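Numbering (the numbering used here), first residue to last: 59 to 321. Down below is the structure, laid out as structure tokens.
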């Protein structure tokens with residue numbers, strides 16, 4: 059006979075000898091920590107030279123603070139949670155979306171709903187428990203995927219309103235306002251954040267950075283007119299908008315989240 063332990067031991071052998079893998083990362087509930095410590099110890103004693111990591115995560119809770127379950131007491135299916143998120147995203151956007159065609163609105167709701175769940179999962183430290191609240195997840199206010207997606211759309215809308223193909227003039231940026239400087243500093247930090255995220259298996263650090271960047275952009279946008287400015291000032295602000303859109307898009311892509319062009 060066989061059990062979980064012997065199956066996992068055999069799997070280590072298979073991945074090493076048949077697949078030629080040099081690492082295996084187990085993304086499993088933190089409550090399985092003892093099992094993986096024992097598994098890795100056995101693999102080491104058997105001379106299996108692999109980078110074995112247990113990337114543990116916390117528990118998803120309902121609004122009552124207890125592990126998330128359906129009304130019948132069963133564990134919910136991911137497919138059902140995704141369907142509920144898409145419906146919630148559609149309801150949240152009613153009366154606010156600038157997308158007119160029905161099929162495009164359906165596609166947007168699917169994008170936002172699925173993104174909302176992904177981001178909520180990744181924005182917490184992976185070992186922390188968190189409350190599953192769809193209304194908060196699909197909101198365009200707060201620490202959510204829709205807020206970041208809206209921030210990206212707002213960046214891109216500048217260039218749509220510009221009414222012409224935009225090409226930076228190559229001149230040095232002239233950062234005169236405090237909020238311009240703050241936004242520029244936030245943009246520079248992107249290259250520093252990504253390696254740290256990878257080293258510690260902590261996508262929440264990237265999520266937190268993107269939220270900070272979005273807040274810095276909105277603060278800049280409100281205080282520093284872009285299209286009404288002129289000369290070097292306008293060029294600087296357009297470059298900041300373009301760079302912010304690029305970092306938001308790339309950062310969300312690293313989290314497995316797409317961005318819409320309209321919301």
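Positions of the beta carbon are idealized from the N, C-alpha and C atoms, including for glycine. Since the structure is predicted, the reported quantities are computational estimates derived from the model, not experimental observations.
Judged by DSSP secondary structure, residue 111 falls within the beta strand (DSSP E) whose first and last residues are 109 to 115.
The Cβ atoms of residue 146 and residue 180 do not sit closer than 8 angstroms to each other. Taking a contact as a CB-CB distance under 8 angstroms, the pair residue 175 and residue 198 does not count as one, their CB atoms being some 16 angstroms apart.
Between the C-alpha atoms of residue 251 and residue 155 there is a straight-line separation of about 33 angstroms. When Cβ pairs closer than 8 angstroms are counted between the two stretches, the region 262 to 274 is seen to touch the region 204 to 223, the count reaching three or more.
Shown here for residue 125: same chain residues with a beta carbon closer than 8 angstroms to its own, the five before and five after excluded, namely 117, 118 and 119 in chain order. By the Cβ neighbour-count rule, residue 238 is buried, with 16 or more other Cβ atoms within 10 Å of its own. Under the DSSP assignment, residue 84 falls in the beta strand (DSSP E) whose first and last residues are 81 to 87. In the three-state reduction of the DSSP assignment, residue 315 falls in the coil class, being assigned neither a helical nor a strand state.
Spatial neighbours of residue 99 in its own chain (CB-CB distance under 7 angstroms, excluding positions within 5 residues in sequence) are not present. Beta-bridge partners of residue 119 (DSSP): 125 and 189. Unbroken alpha helix (DSSP H) runs of no fewer than 4 residues, entirely contained in the region 195 to 222, are found at 203 to 220, following chain order. Secondary structure note for residue 151: its alpha helix (DSSP H) is the uninterrupted segment 136 to 151. The residues 285, in chain order, have a CB closer than 8 angstroms to that of residue 219 in the same chain once the five nearest residues on each side in sequence are set aside. Taking one beta carbon from each stretch, the region 229 to 246 and the region 290 to 302 have 3 or more pairs nearer than 8 angstroms; the two touch.
In the structure shown, residue 184 falls within a coil segment according to DSSP collapsed to helix, strand and coil.
In this structure the region 122 to 137 does not lie against the region 96 to 111, because fewer than three pairs of beta carbons, one per stretch, are closer than 8 angstroms. Straight across, the Cα-Cα distance linking residue 178 with residue 189 is about 9 angstroms. For residue 253, the enclosing alpha helix (DSSP H) begins and ends at 248 to 258. The three-state reading of DSSP puts residue 290 in helix, counting H, G and I together. Counting along the chain, residue 63 sits inside the alpha helix (DSSP H) bounded by residues 62 to 75. The beta carbon of residue 316 sits closer than 8 angstroms to the beta carbons of 169, 173 and 310 from its chain, once the five residues preceding and following it are set aside; these are given in chain order. Where residue 99 is concerned, the enclosing alpha helix (DSSP H) starts and stops at 91 to 103. Leaving aside the five residues that flank residue 262 on each side, the residues in its chain whose CB is nearer than 8 angstroms to its CB run, in chain order, 180, 181, 182, 183 and 184. Distance from the CA of residue 162 to the CA of residue 314, rounded to the nearest whole angstrom, comes to 21 angstroms.
Here residue 74 is near residue 108, since their CB atoms are less than 8 angstroms apart.
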